[in-house]
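Please read the structure below before turning to the comments.
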């Protein structure tokens with residue numbers, strides 16, 4: 001129950017940051033550059049598979065769906081997730097969702113602060 005709520009929150013924040021979600025492939029495409037930037041800002045390096053699994057799960061995919069899409073076993077997807085979350089300093093899908101939601105919220109906060117400063121200058 002918590003993961004869908006965090007996922008919705010992350011999506012909402014992403015939409016407010018001008019990211020458009022119109023489908024799972026588009027969602028992944030929209031989140032991919034943001035996710036990559038956040039990884040780079042924190043000097044975290046994930047393998048291509050680890051990143052693909054994270055983005056797939058963050059955009060609403062299940063472990064089974066990711067396994068089918070990547071043509072691997074569910075246990076492989078879980079392993080990619082475990083490796084990625086260890087590198088991010090979190091645990092599991094919920095931790096991953098919190099990680100990106102916090103970073104998107106920070107981004108939104110900076111935009112709001114900047115907007116507030118520009119209104120004061122007027």
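Residue numbers (the UniProt record's numbering): 1 to 122.
Beta carbons: idealized from backbone N, C-alpha and C, even for Gly.
Given the structure is predicted, the values throughout are model-derived calculations rather than measurements.
Residue 46 and residue 75 have their C-alpha atoms roughly 18 Å apart. Judged by DSSP secondary structure, residue 53 falls within the alpha helix (DSSP H) whose first and last residues are 48-58.
Residue range 74-88 is occupied by the alpha helix (DSSP H) that includes residue 75. By the Cβ neighbour-count rule, residue 42 is exposed, with fewer than 16 other Cβ atoms within 10 Å of its own. Separation of the CB atoms of residue 84 and residue 53 is rounded to 7 Å, and the pair is thereby assigned contact status at 8 Å. Within 10 angstroms of the beta-carbon of residue 55 lie 16 or more other beta-carbons, which makes it buried.
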